[in-house]
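Q:
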Amino acid sequence: MSEPLAAPALGRSGRFRRRGTLAAGVFLLGGFVVLALGAPLIAPYDPIAQDATARLQGPSWLHSFGTDNFGRDILSRVIWGARIDLQIAIIGVIFPFLIGTTLGTVAGFFGGIVDAIFMRLVDIILAFPFLVLMLSIIAILGPGLASFYIAMALVGWVSYARLVRAQMLVLKNHDYAVAAVSLGFSRTRIMFRHLLPNAAAGSVVFAMSDAVLVLLNGAAISYLGLGVQPPVAEWGVMVAEGQAFVTTAWWITLFPGLSIVTLAFAFSMIGDGLADLFGVHE
Amino acid sequence: AGVLTIGRREDSTTFDPIKTAQNIDLWVFANVYDVLIRVDKTGTKLEPGLAESWEVSPDGLTYTLKLRDAKFSDGSDLTAGDVVFSLTRIRDDKGSLWADPFKVMDTVEATDPKTVTIKLKQATAPFLATLAFPIASVLSKKGFETLGPEKYAETPIGSGAFTITEWRRGDRVILAKNPHFWEADRVSLDGVEWISVPDDNTRMLNVQAGQLDTAIFVPFSRVAELQKDSNLTVHLDPSTREDHLLINHEHGALAKKEVRQALDMAIDEQAVVDTVTFGYGEVANSYVPKGALYYYADNLKRPYDPEKAKQMLADAGASDLTLNYVVRAGDEIVEQTAVLLQQQLAKAGVTVNIQKVDPSQEWDMLVAGDYDVGVNYWTNDILDPDQKTTFVLGHDANMNYMTRYNNEKVKELVAAARTEMDPAKREQMYTDLQKMAKEDVNWIDLYYSPFINVSRKNIENFYQNPLGRFFLEDVVKN
Amino acid sequence: MHRYKFVLYRPLQFLPVLFGISVITFILVRLIPGDPARVLLGTRATPEAIARIRAQYGLDEPLLAQYFYFLRNLADGEMGRSILYKIDVLKLIATRIEPTLMLVLCSMVLSVLIAVPVAAIAARNHGRLADQVIRIVSTFGIGFPPFWLGLMLIILFSVELAILPVSGYGNTLSEKLAHLVLPSLTVSLSLSTVLARSLRAAMVEGLRSDVATAARARGMPESIVFWRHVLPNSLVPTVNLLAVNIGWLIGGTVVVETVFALPGMGQLLVRAIFSRDYMVVQGVAMVFACATVLINFLADIVTVALDPRVKL
Amino acid sequence: MIAALLKITDLTVVHDDDGGERTLLDAVSLDLAPGEVLGLVGESGSGKSLLCRSLVRLLPSSRLRISGGSITLSGRELTTAPEAEMLAVRGGEIGMIFQNPSSHLDPVMRIGDQISEGIRFHQRLNAKAARAAAVDILAQVGFQDPARHYDSYPHEFSGGMRQRAMIGAALSSNPRILIADEPTTALDVTIQAQILRLLMDIRTRRGLSVILVTHDLGIVAQVCDRIAVMRQGRLVEVGEKRGLLAAPAHAYTRSLIASHPSLPEEDMPAKTEKRQAPGAVPLVDIVKLHVRFATGGLFRRGAVDAIKEVTLRVMPGETVGIVGESGSGKSTLARAVLGLTPVSSGTIRFDGADIASGRAVLATLRRQTAMVFQDPYNALNPHLTVGKMLAEVLRVQGKIETAQIPARCGELLDLVGLGRAFLDRKPRSMSGGQCQRAGIARALAVDPKLIIADECVAALDVTIQAQIVELFRELVERMSLTLIFIAHDLAIVRNLCQRVVVMHRGAIVEEGRSEEVFSRPKHAYTAALIAAIPHIDPDKPLLAPSKMATAQADGVAN
Ligand SMILES: Nc1ncnc2c1ncn2[C@@H]1O[C@H](COP(=O)(O)OP(=O)(O)OP(=O)(O)O)[C@@H](O)[C@H]1O
Ligand SMILES: Nc1ncnc2c1ncn2[C@@H]1O[C@H](COP(=O)(O)OP(=O)(O)OP(=O)(O)O)[C@@H](O)[C@H]1O
Ligand SMILES: [Mg+2]
Ligand SMILES: [Mg+2]
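Protein sequence lines, in the order shown, are assigned to chains A, B, C and D. The numbering of the first sequence is my numbering, which starts it at 14 and goes up by one. The numbering of the second sequence is my numbering, which starts it at 92 and goes up by one. The numbering of the third sequence is my numbering, which starts it at 124 and goes up by one. The numbering of the fourth sequence is my numbering, which starts it at -15 and goes up by one.
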């Protein structure tokens, strides 16, 4: 043992890292947001314009990320794709988050029969093969983002609900919850104004890693051929479609793939940063 | 000698020939079961199979087939009784998917152990070709009765070049050389394994890494790369596959012939060939596949002219045409075609909304007429054009392949061509049909494309005929 | 031993869960547009042929009656017949269950084998270079689409280095394991990062905890402090995380199965959904559900074994 | 004086801040003789724990470091000793007992294994011999059935047993010095007495030297030979205990001794008592209250009777103290009165109305009563600023007009002596005492007739404790409040309350006027409680055998 003590708390680097991680994550995410909002200005080409004379070209001055089999500019598609993928990550998380935290709050707070029914529902959804649900919903409603969001919302809420419920079970016995009851506050006020803000920290952190999962689920759905409608540029679809050229034209998959990974990285960093900030663990 | 391993997209679903309509199944039946009459390597001629010879009565109603001395894989003799059993079963079994084309058979009889006599209700020109269809495989009556339908569908007793030793569902079908095959001398391989490798990339990598001898369904995009690999041979075998754009004739402006013609002119088929098939396809000018029986090579090919198309649409009062384009999810080719056509049609002022749905649902939507356009393809199962013609132009239950195309003259001609027994007259009739279909634009013919397979250099004679049959009995593994 | 009493009565709670799942799957698959008979008949479908097939599989009966048959079959330990494969669904599942099971098992073991040392290294070097590198790599690791990652692994290990099979599933156990290396690795690369992150956080906490300080104050060397005190205390939350992830994994092996041509249940399920093979979808969903429920049950038992405080 | 065993000279510990250094221990010099018990007292944050940890070089953070001075253990320098050598010193030479046994014992390892672990490592014994040695140690620290308790887990023990196990672990490697950092702060007085006695026993038996950290002057007075007083990182005074207590040299030591809450001598004047009009309605009237909690799972149903047959009446304007050991049902009673916990049987009337009779009564109850909670941090919503919290209460209660709310918030803070600057502070940025006052302000915001204060000073420093008690006294006098004051510190109750109720295992065992109960306890349990309080006068021994016997017989359950 070289160090006298192997239990260092957050040291100087630690405090910097805590803030630094969050800042770097937000910075990266901000970059993507700028790309998405400014796509019409930033993207050098029309993302869906085909050019038969420039098919499958490697990265060059003209097309810095190369072109795909239709001669579409990958860079422009990646930039426009930021719009869709950010939307996927955000909407795909927001609804599960809202539904989950609300249900989890109510179940955890009321306990008893409400909670028992709720927990069975959670068990059912947890045990239900996600893919069956996802594919069925997409089949029922037709492929596309709306179906994807609905499927995500139907399944995704469970994680949030479980997190929040567990927190609520603890928090509702906390003195400040009891204090709120003793002060004559209404249940709704106690649940949503006093307890939820304290219970939600874990969920907010989880939402960040969930955003990554949602992105990857979207990519998996694209791999099975049920992603967004062509010719829309979306990274998952681009990677999935580019699979055909993975050995001959690597740039078609590499750049959208890297974009997914980088966006995932940004979300993870924000999640880490928030976890440190809130003092919660995943 | 040796065992040939073949990678394909999906595994078989059954070995009961009458219970499936999937190519994935049919293509293996040909290795396991023999048929009375075979289609040759070019896919244009019939040749003797289990039937050594056959005679057709002048009225075209009675077929007399003479069987050769053949044995089933269990060593028992193949007799006329087995043939009668197999053919009547197609027509009469409750679960048969193929009853319709065999309903024309009135009686099937074993006149002696080596002779089968079939009486038809009406003269049918394509009947011999139908007998060459893998679903008309000859099963062992005794084997079927002892094993029962379920077991038989798993480890059938056939009289083909190979016999199934094991079927690992979802993974592979393992075939061994059938020592009792009547042409056993012709077979060099000890066995064959049909292995399911769903991912195109993985399948190709398997062959490249030498872990599979051959792989079928080579994507167009991979051909050039595989051709560069000195260990591999890429086979581009002529096929009867023809891709087309279905048009729903009942939807608004699409009912007008001029609109459909305009769409044909707005589509640059050559660009589809270049982009989607990487140049390995060929622009189609008829619904009959190139090189197939009665193909009319001089049929009209409408030139690509978006300006003119735009004009025609305007003249027909359809200048702001918007089309609902149904796309089958998970099919790379179909999706790519859609993306390309969308852009091409846009040049002629047509707005195309792509609607991607999963395959079964696409089918439903097409049947329900819930679409404007959509790409589909057809590969012939039998060499006679009647089967496809009936489906596409014959006004049968399928509403002319879901297009709702309606032309009484065409309908009558299709029926007449089926019963016409004189080949020369039939050829003329089919030529006329091809012209009429083109004129009416029943659908838009897009392109013909080959079957593309890849094999290691040490594999010889790996060949697929235009109907999809693999001649594994000729394959040599060095 | 009374802490393990829940083992006896917990299975009772599975019944409503499985019942709920049977109802949902049943309704869901029948809501999907598309007709199994038509899929089966393909291009040559005629209305009569379709009607015949539908009658043969009882698809023309009222929904409630169909559900009743389904339940009755289930009570008899049957799950109906596959329309596509024309055999008993249970038999079909039996032929396909092993690769999926093995994949999940191997991925789980591999993930743990990767996650524990990685987390240990990171936690013991908390804040230093090794920790930062692991954090960044693992954060990146989560973002790779598995189908892409799998392909890259094949190209590297099977084509370029030619040391592992490209795809498929072998005959003997050793062959099977060799075939499972890359698929499990594909799954593990993301699963283990999730585990490692959680484990690392718990370990960092543990190293700082009073328990660790107390052990150090008794003069225990750092290795004993870590392996005997910090690690066991960090495992409890990770076991639950693992269970939840395995639940997801069980229902989501299809992509990896497809890339690596593993003849498992995931592929079966997707093909069944696409061809509207209702009985198979129901059957596979039930099996998956049972497996998930079982995994959580096991996780509960492990949790109780790991942490004497837990009562269920 | 004998030669020092441990000698600390000019020990300085600094904290590396982002900018520079902050000195946490400032040139502390101290010796410890063999067999000596040294008491280390001082305000919270003065560096007592840090000093202890420095001795074994287990500083709580990598940003803390020993920047100067030396520590010698029988002549051996420890500040520069290699880490390997320190492994032998820790546990082997210097054993440590921590304040909070619950968090320092490994919850997933058997108690015995935690003890034998050290034995195996330091004495290189095999598993079997180590086990035998551990069982022996368990017996030494007073476990009745050590062989069985060896296999127990910490959660199966009571707090006192855990603390004894902790001591066992510290003793396992035969150290010469034992450092006990607030070993009894979290415990009951009765158990505290027991632990202290155990420590002294061991000291005599083994000839150990002990450094005992505490903030309770009573404890040092009772058990130590010498006392060292720390403040703000410095050692302000050190000396033989009698001399130091009798004639403290430093001003801080004097204030420390002054704020120590002692039981007043018997001849202290009785409190003035407001006479109640004979027919007055009791404000709270509890009759035969029974509260039972279900425990266990589906098949192992059990129940705990938290409150048994409690009958209690509180008249308007009265100040009633409720005392009793931990778990005796004090909080449960308080919650039941406020309708916060379901009642199994019995009735509770508030101002004449049965609180179970409907929502209306409950609503009235909640507009006229308020509770102050034990744990100052947990009782405040961490997300709300003090101002928002008070404003919300005022708004919901609706007793004053919205426009006046901000002004009223300010007044309330003034009242509890916090000042308006705290309006924008969140609990996280406030000290325990400040949080507790915010909690009291919140209770006052209700403008209640009745305040129930549940152990609201237990977690605080003696000096702050004194301030809060003073605040209550003032409030009661100025606002004619009725106060139910729950505590287990009898001295405070004696100071503040007119009447006292003693609870034991869910029942009221004694009730009466404070002076009477404290000077002439009728029930043995009350007597034991009083006897267990360590007196600041070293000549009033806590550990007198006769009284201990009662305390053990009654108060301590193993
Ligand atoms: N990890 C740490 N990082 C920075 N400062 C610390 C750390 N631990 C303690 N300190 C500081 O060191 C000083 C002494 O703390 P210490 O814990 O020794 O106090 P104490 O006298 O034991 O108080 P208490 O009676 O509350 O236990 C305090 O000012 C505290 O803020
Ligand atoms: N919600 C509950 N469920 C089960 N048992 C409970 C519950 N709340 C309290 N108890 C039990 O009731 C008894 C009385 O608890 P209570 O909190 O009233 O004690 P207390 O006198 O306030 O103790 P302390 O001094 O530690 O605050 C204890 O044995 C406790 O374990
Ligand atoms: Mg301290
Ligand atoms: Mg209490």
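Cβ atoms here follow ideal geometry from the backbone N, Cα and C, with glycine treated the same way.
Assuming residue 189 of chain D is part of the beta strand (DSSP E), what are its boundary residues?
A: Looking at the DSSP string, residue 189 of chain D is not in any beta strand (DSSP E); the run it does join, the alpha helix (DSSP H), is 173 to 190.
Q: Are there 16 or more other CB atoms within 10 angstroms of the CB of residue 208 of chain C, so buried, or fewer, so exposed?
A: Classification for residue 208 of chain C: buried.
Q: Does the separation of the CB atoms of residue 232 of chain A and residue 42 of chain A fall below 7 angstroms?
A: No, they are not a contact pair.
Q: List the whole-angstrom C-beta distance separating residue 231 of chain B from residue 141 of chain B, where the pair is believed to meet the contact cut-off of C-beta under 8 angstroms.
A: Rounded, the Cβ-Cβ distance is 12 angstroms, inconsistent with contact.
Q: Closer than 7 angstroms by C-beta to residue 250 of chain D: which residues in its own chain qualify, once you throw out the five before and the five after it? Chain order, please.
A: At residue 250 of chain D the pLDDT is 48, less than 50, meaning the model places this residue with poor confidence; the figure from the coordinates comes in the next sentence. Closer than 7 angstroms at the Cβ level, and outside the excluded window around residue 250 of chain D, lie 503.
Q: List the residues of chain C whose Cβ lies closer than 9 angstroms to the Cβ of residue 147 of chain B, in chain order.
A: By Cβ distance, chain C contributes nothing, its closest Cβ being about 25 angstroms from residue 147 of chain B, past 9 angstroms.
Q: Within the same chain, show all residues whose beta-carbon is closer than 6 angstroms to that of residue 40 of chain D, passing over the 5 residues directly before and after it, in chain order.
A: Answer for residue 40 of chain D: 74, 78, listed in chain order.
Q: Would you call the segment 234 to 241 of chain A and the segment 140 to 159 of chain A touching, i.e. three or more CB-CB distances under 8 angstroms?
A: Touching, yes, given that three or more Cβ pairs across the two stretches are closer than 8 angstroms.
Q: Residue 334 of chain C touches chain D at which residues, Cβ-Cβ below 8 angstroms?
A: The answer, in chain order, is 87, 88, 89, 90, 91.
Q: Return the chain-ordered ranges of every beta strand (DSSP E) run that is complete within the segment -7 to 57 of chain D and spans a minimum of 3 residues.
A: Here the runs fully enclosed are 5 to 16, 21 to 26, 48 to 57.
Q: In chain order, what residues of the segment 258 to 278 of chain A put their CB closer than 8 angstroms to some CB of chain B?
A: Going along the segment 258 to 278 of chain A in chain order, one finds 258, 259, 260, 261 with a Cβ nearer than 8 angstroms to chain B.
Q: Determine the burial state of residue 198 of chain A: buried for a count of at least 16 other Cβ atoms within 10 Å of its Cβ, exposed for fewer.
A: Buried, because 16 or more other Cβ atoms sit within 10 Å of the Cβ of residue 198 of chain A.
Q: What is the C-beta distance between residue 416 of chain B and residue 464 of chain B, in whole angstroms, given that I count them as a contact (C-beta under 8 angstroms)?
A: Rounded, the Cβ-Cβ distance is 5 angstroms, consistent with contact.
Q: Which residue spans inside the segment 171 to 198 of chain C form an unbroken alpha helix (DSSP H) run of at least 4?
A: Listed in chain order, the complete alpha helix (DSSP H) runs (minimum 4 residues) inside the segment 171 to 198 of chain C are 186 to 198.
Q: I want to know whether the segment 165 to 179 of chain C touches the segment 145 to 156 of chain C - three or more CB-CB distances under 8 angstroms.
A: No: fewer than three Cβ pairs fall under 8 angstroms.
Q: What are the boundary residues of the alpha helix (DSSP H) that includes residue 333 of chain D?
A: Run containing residue 333 of chain D: none in the alpha helix (DSSP H); it sits in the beta strand (DSSP E), 329 to 334.
Q: The beta strand (DSSP E) spanning residue 541 of chain B covers which residue range?
A: Run containing residue 541 of chain B: 534 to 547, per the beta strand (DSSP E) assignment.
Q: The beta strand (DSSP E) spanning residue 486 of chain D covers which residue range?
A: Looking at the DSSP string, the run of the beta strand (DSSP E) that includes residue 486 of chain D is 483 to 488.
Q: Give me, in chain order, the residues of the same chain whose beta-carbon lies closer than 7 angstroms to that of residue 172 of chain D; leave out the 5 immediate sequence neighbours on both sides.
A: Excluding residues within five positions, the ones whose Cβ falls inside 7 angstroms are 309, 310, 472.
Q: Count the other C-beta atoms from every protein chain shown that fall within 10 angstroms of the C-beta of residue 234 of chain D, then say buried if there are 16 or more, exposed otherwise.
A: Counting Cβ neighbours within 10 Å, residue 234 of chain D comes out exposed, since fewer than 16 surround it.
Q: Just to confirm, is the Cβ distance from residue 291 of chain D to residue 490 of chain D under 7 angstroms?
A: Contact: yes.
Q: Answer yes or no: does any C-beta atom of chain D fall closer than 7 angstroms to that of residue 191 of chain A?
A: By this cut-off, residue 191 of chain A is an interface position.
Q: Which word fits residue 477 of chain D, buried or exposed, when buried means at least 16 other C-beta atoms lie within 10 angstroms of its C-beta?
A: Per the 10 Å Cβ criterion, buried.
Q: Looking at C-alpha atoms only, which residue of A:80, A:81, A:274 is the closest neighbour of residue 228 of chain A?
A: Cα-wise, what sits closest to residue 228 of chain A is A:274.
Q: Under a Cβ-count criterion, where at least 16 other Cβ atoms within 10 Å of its own Cβ denotes burial, should residue 174 of chain D be classed as buried or exposed?
A: The residue in question, residue 174 of chain D, is buried, as its Cβ has 16 or more Cβ neighbours within 10 Å.
Q: Any contact between the segment 484 to 500 of chain B and the segment 432 to 441 of chain B? By contact I mean 3 or more CB pairs, one from each, below 8 angstroms.
A: Taking 8 angstroms as the limit for Cβ pairs, the verdict is that the segment 432 to 441 of chain B does not touch the segment 484 to 500 of chain B.
Q: Run through the DSSP bridge pairs and tell me what residue 465 of chain B is partnered with.
A: Residue 465 of chain B is bridged to B:337, B:417.
Q: For residue 128 of chain D, count the other beta carbons within 10 Å of its own beta carbon; 16 or more makes it buried, fewer makes it exposed. Which is it?
A: Exposed, by the Cβ-count rule.
Q: Taking the runs of the alpha helix (DSSP H) that are 4 residues or longer, which of them lie wholly in the segment 467 to 504 of chain B?
A: Within the segment 467 to 504 of chain B, the complete alpha helix (DSSP H) runs of at least 4 residues are 477 to 484, 490 to 493.
Q: Can residue 139 of chain A be considered in contact with ligand 1, in the sense that its beta carbon sits closer than 6 angstroms to one or more heavy atoms?
A: Outside the cutoff, so no.
Q: For the segment 314 to 333 of chain C, which residues have a CB atom closer than 9 angstroms to at least one CB atom of chain D, in sequence order?
A: The residues in question are 331, 332, 333.
Q: Looking at the secondary structure, which residues open and close the alpha helix (DSSP H) in which residue 273 of chain B lies?
A: Counting along the chain, residue 273 of chain B falls outside any alpha helix (DSSP H), and DSSP gives it neither H nor E.
Q: Have a look at the DSSP bridge pairing and note the partners of residue 274 of chain D.
A: Answer by DSSP bridge pairing, in chain order: D:329.
Q: Name, please, each residue of chain D whose Cβ falls closer than 7 angstroms to the Cβ of residue 194 of chain A.
A: Here the neighbours are 324.
Q: Given this structure, state the Cα-to-Cα distance separating residue 281 of chain D from residue 180 of chain A, to the nearest angstrom.
A: With a pLDDT of 45 at residue 281 of chain D, under the threshold of 50, the modelled position of this residue cannot be trusted; read the value that follows with caution. Each residue's Cα considered, the two are about 21 angstroms apart.
Q: Using a Cβ cut-off of 7 angstroms (strictly closer), state whether residue -1 of chain D contacts chain A.
A: So, not an interface residue.
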